[in-house]
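Undergrad: Numbering (our numbering), first residue to last: 8 to 109. Idealized CB from N, CA, C, for every residue including glycine. Here it is, the structure, as structure tokens.
Shown next, in the form of structure tokens:
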């Protein structure tokens, strides 16, 4: 994964996005990369003492995958409730960021 200092945000196209939207997509891209490319949940980490954290990572990952699929399928507008849900999920991700190492 070189260069290691460049993050390709797969869920955004090349059109303009406000920074709050980029922040959301960038953070969840990092989670997605940890799960899919670095195999965070695939066994090289002993989760026996951190099952709640593993579950949280799985829930956040699953939520992001379904959110992106829905957004691309419907091209939906960002409502106040949807924005709040995204913010809540982003906060949950930030709270477990220390576990996103591989």
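With a threshold of 16 other CB atoms inside 10 Å of the CB of residue 29, please say whether the residue is buried or exposed.
TA: Burial call: exposed.
Undergrad: In chain order, which alpha helix (DSSP H) runs of at least 4 residues are fully inside the segment 26–97?
TA: Correct list: 26–43, 58–81.
Undergrad: Output needed for residue 6: all residues of its chain with C-beta closer than 7 Å, excluding positions within five of it in sequence on either side, in chain order.
TA: Since the first and last residues shown for the chain are 8 and 109, residue 6 lies out of range.
Undergrad: Would you identify the three-state DSSP class for residue 9, choosing helix, strand or coil?
TA: It is coil, neither helix nor strand.
Undergrad: Are residue 64 and residue 90 closer than 8 Å when you measure CB to CB?
TA: It is not a contact, given that the beta carbons lie outside the stated cut-off.
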